[in-house]
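**Q** Below are the structure tokens for one structure; questions will follow.
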Amino acid sequence: MLIYNPISHLSMVSDRSPTEDILLRTNLWRWLSVVFAPFVLTVIVLTAVFTVTGGESPIPRLSTGVYSLLSALVVVLLLLRLSPTVRAEVFPTQIPKRTEVGAVIAATLVTVLLFDPIGTFIADVFGSGGGTADAFDSSLGAAIFVVSSVAIAPIVEEYLFRGVALDALRSRYGVATAIVGSSVLFGGIHFLTGGISVLVSATLSGFLYAGMRVKFENLTGAIVAHHLNNLYWVLTMAGVLPNVVPT
Numbered sequence: 001m002l003i004y005n006p007i008s009h010l011s012m013v014s015d016r017s018p019t020e021d022i023l024l025r026t027n028l029w030r031w032l033s034v035v036f037a038p039f040v041l042t043v044i045v046l047t048a049v050f051t052v053t054g055g056e057s058p059i060p061r062l063s064t065g066v067y068s069l070l071s072a073l074v075v076v077l078l079l080l081r082l083s084p085t086v087r088a089e090v091f092p093t094q095i096p097k098r099t100e101v102g103a104v105i106a107a108t109l110v111t112v113l114l115f116d117p118i119g120t121f122i123a124d125v126f127g128s129g130g131g132t133a134d135a136f137d138s139s140l141g142a143a144i145f146v147v148s149s150v151a152i153a154p155i156v157e158e159y160l161f162r163g164v165a166l167d168a169l170r171s172r173y174g175v176a177t178a179i180v181g182s183s184v185l186f187g188g189i190h191f192l193t194g195g196i197s198v199l200v201s202a203t204l205s206g207f208l209y210a211g212m213r214v215k216f217e218n219l220t221g222a223i224v225a226h227h228l229n230n231l232y233w234v235l236t237m238a239g240v241l242p243n244v245v246p247t
């Protein structure tokens, strides 16, 4: 006859880390709502602004700037809400070791030389281009685009997709599902902002960044690789560097 032992039950519960506990105890959709909150809030803000202005954008690259600021706000509020222990496990940011630095360099080269051309090719097949060609039409628009793409996006997106989304999925379904799921979500958000080309390249690079996050249990390498990829594209769009992607 099986006898329920409350002591053994408590020991099983205590074996689970505080991070696993909060990730599992909180509904998955609530975690994913945090990931999508910046996009939803951006739609609300832009709808209100365009309603007031009659469809005219008061400043260049308004959507880019609003999305970046709201993403940063969501991440900051989440960091304030979580305990130090949970923050350290969901958002691990240590100085990369030599092997991770090598992975950063490799990921950047693969993204720029392989994934981005694949995205461009598929976009050409479907006759769909990107949405950032006018980024440098004005000084203000260029400043917003550069700050958003290079300074803000690599940090907040890695926190949301390779931090929140990946760990929420991994705690329930395992590593493989977490990598695939977080990468698809990452690509989906970029499809809404950059079209098919960015959807493909972001999804593929998402697999790399998620793999780095899992391999090294560190977000720093993924953030740096993401930063370098975005910096390369900003510099090519500004005409500072040659574009190695065939157009």
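Per the UniProt record's numbering, the very first residue in the sequence shown carries number 1; after that it's consecutive. Even glycine gets a Cβ: it sits at the ideal position worked out from N, Cα and C. On a predicted model such as this, the values are computed, not experimentally measured, just so you know.
#1: Return the CA-CA distance between T203 and L235, expressed in angstroms with no decimal places.
#2: Taking the CB atoms as reference points, tell me whether G119 and I196 lie closer together than 9 angstroms.
#3: So what's V184 in DSSP terms, helix, strand or just coil?
#4: Do I155 and I105 count as a contact pair if the criterion is CB distance below 9 angstroms?
#5: Take G239 and list the residues in its own chain whose beta-carbon comes closer than 7 angstroms to its own, dropping the five residues that flank it on each side.
#6: So, with DSSP's three-state summary, where would you put D137?
#7: Of the residues Y232, R172 and T177, which one's Cα is nearest the Cα of N27?
#8: Can you tell me whether DSSP reads E56 as helix, strand or coil?
#9: Could you spell out where the alpha helix (DSSP H) holding N229 opens and where it closes?
#10: Classify F121 as buried or exposed, calling it buried when 16 or more other Cβ atoms lie within 10 Å of its own Cβ.
#11: Using the three-state DSSP reduction, which class does E158 fall into: helix, strand or coil?
#12: Could you pull out every residue in the same chain whose Cβ sits closer than 6 angstroms to the Cβ of P6, ignoring the five residues on either side in sequence?
#13: Thinking C-beta only, is F186 closer than 9 angstroms to G206?
#14: Taking just the CA atoms, how far does D124 sit from L73?
#15: Is the beta carbon of L82 sitting closer than 9 angstroms to the one on V90?
#16: Using 10 angstroms around the beta-carbon of D137, count the other beta-carbons present and answer buried if the total reaches 16, otherwise exposed.
#17: So F216 and E100 are supposed to be a Cβ contact under 8 angstroms. How far apart are they, rounded?
#18: Report back the beta-carbon spacing between L70 and P38 to the nearest angstrom; my notes put them in contact at under 8 angstroms.
#19: If you count every other CB in all the chains shown that lies within 10 Å of the CB of V244, and 16 or more means buried, which is it?
#20: Thinking P84 and T220 are a contact (beta carbons under 8 angstroms), I'd like their distance in whole angstroms, please.
#21: Buried or exposed, going by whether 16 or more other CB atoms sit within 10 Å of the CB of F126?
#22: Mind checking which residues open and close the alpha helix (DSSP H) that includes A103?
#23: If distances are taken between C-alpha atoms only, which option among L62, F36 and W29 comes closest to V45?
#24: Kindly indicate which residue of D116, W29, Y67 and T93 has the alpha-carbon position closest to the one of V147.
#25: Can you tell me which of the three DSSP states L166 falls into?
**A** The short version:
#1: Taking the first residue of the sequence shown as position 1, residue 203 is located at position 203. Taking the first residue of the sequence shown as position 1, residue 235 is located at position 235. Going from the Cα of T203 to the Cα of L235 covers about 22 angstroms.
#2: If you number the sequence shown from 1, residue 119 lands on position 119. If you number the sequence shown from 1, residue 196 lands on position 196. Against a cut-off of 9 angstroms, the Cβ pair of I196 and G119 comes out as a contact.
#3: For the purposes of this step, residue 184 is taken as the residue at position 184 of the sequence shown. In the structure shown, V184 adopts helical secondary structure according to DSSP, grouped into three states.
#4: For the purposes of this step, residue 105 is taken as the residue at position 105 of the sequence shown. For the purposes of this step, residue 155 is taken as the residue at position 155 of the sequence shown. Their beta carbons are not under 9 angstroms apart, which means I105 does not touch I155 by this criterion.
#5: To locate residue 239, count along the sequence shown from 1; it is residue 239. None.
#6: Stepping through the sequence shown from its first residue, residue 137 is reached at position 137. Reduced to three states, the DSSP call for D137 is coil.
#7: Counting from 1 along the sequence shown, the entry for residue 27 is found at position 27. Nearest C-alpha to N27: R172.
#8: The residue you call residue 56 lines up with position 56 of the sequence shown. Residue state, collapsed to three classes: coil.
#9: Taking the sequence shown and counting its residues from 1, one reaches residue 229 at position 229. Annotation: the continuous alpha helix (DSSP H) that includes N229 extends over T220 to M237.
#10: Start at 1 with the first residue of the sequence shown, and residue 121 comes out as number 121. It is exposed - the Cβ of F121 has fewer than 16 other Cβ atoms within 10 Å.
#11: If you number the sequence shown from 1, residue 158 lands on position 158. Secondary structure of E158 (DSSP, three-state): helix.
#12: Taking the sequence shown and counting its residues from 1, one reaches residue 6 at position 6. Because the pLDDT at P6 is just 35, under 50, the model does not fix this residue reliably, and the value given afterwards should be weighed accordingly. Contacts found: none.
#13: As a first step, residue 206 must be located in the sequence shown, where it is residue number 206. As a first step, residue 186 must be located in the sequence shown, where it is residue number 186. Result yes, Cβ atoms of G206 and F186 sit closer than 9 angstroms.
#14: For this step, residue 73 is matched to residue 73 along the sequence shown. For this step, residue 124 is matched to residue 124 along the sequence shown. So the two alpha carbons sit approximately 35 angstroms from each other.
#15: Taking the first residue of the sequence shown as 1, we reach residue 82 at position 82. Taking the first residue of the sequence shown as 1, we reach residue 90 at position 90. Cβ atoms of L82 and V90: closer than 9 angstroms.
#16: Mapped onto the sequence shown, residue 137 falls at position 137. Exposed: under 16 other Cβ atoms inside 10 Å.
#17: Sequence index remark: in the sequence shown, residue 216 carries index 216 (1-based). Sequence index remark: in the sequence shown, residue 100 carries index 100 (1-based). Contact flag correct, Cβ pair sits at about 5 angstroms.
#18: On the sequence shown, residue 70 is found 70 positions in, with the first residue counted as 1. On the sequence shown, residue 38 is found 38 positions in, with the first residue counted as 1. Yes, they are in contact, since the Cβ atoms of L70 and P38 sit about 4 angstroms apart, within 8 angstroms.
#19: The residue you call residue 244 lines up with position 244 of the sequence shown. Exposed: under 16 other Cβ atoms inside 10 Å.
#20: Indexing the sequence shown from 1 puts residue 84 at position 84. Indexing the sequence shown from 1 puts residue 220 at position 220. Contact doesn't hold; Cβ gap of about 18 angstroms is too wide.
#21: On the sequence shown, position 126 is the one that residue 126 refers to. Residue environment analysis places F126 among the exposed positions, since fewer than 16 neighbouring C-beta atoms fall within 10 angstroms of its C-beta.
#22: As a first step, residue 103 must be located in the sequence shown, where it is residue number 103. Note, A103: alpha helix (DSSP H), R98 to V110.
#23: Working through the sequence shown from its first residue, we reach residue 45 at position 45. Closest option to V45, Cα to Cα, is L62.
#24: Counting from 1 along the sequence shown, the entry for residue 147 is found at position 147. For the residues D116, W29, Y67 and T93, the minimum Cα distance to V147 belongs to Y67.
#25: By 1-based counting over the sequence shown, the position of residue 166 is 166. DSSP places L166 in helix when its eight states are reduced to three.
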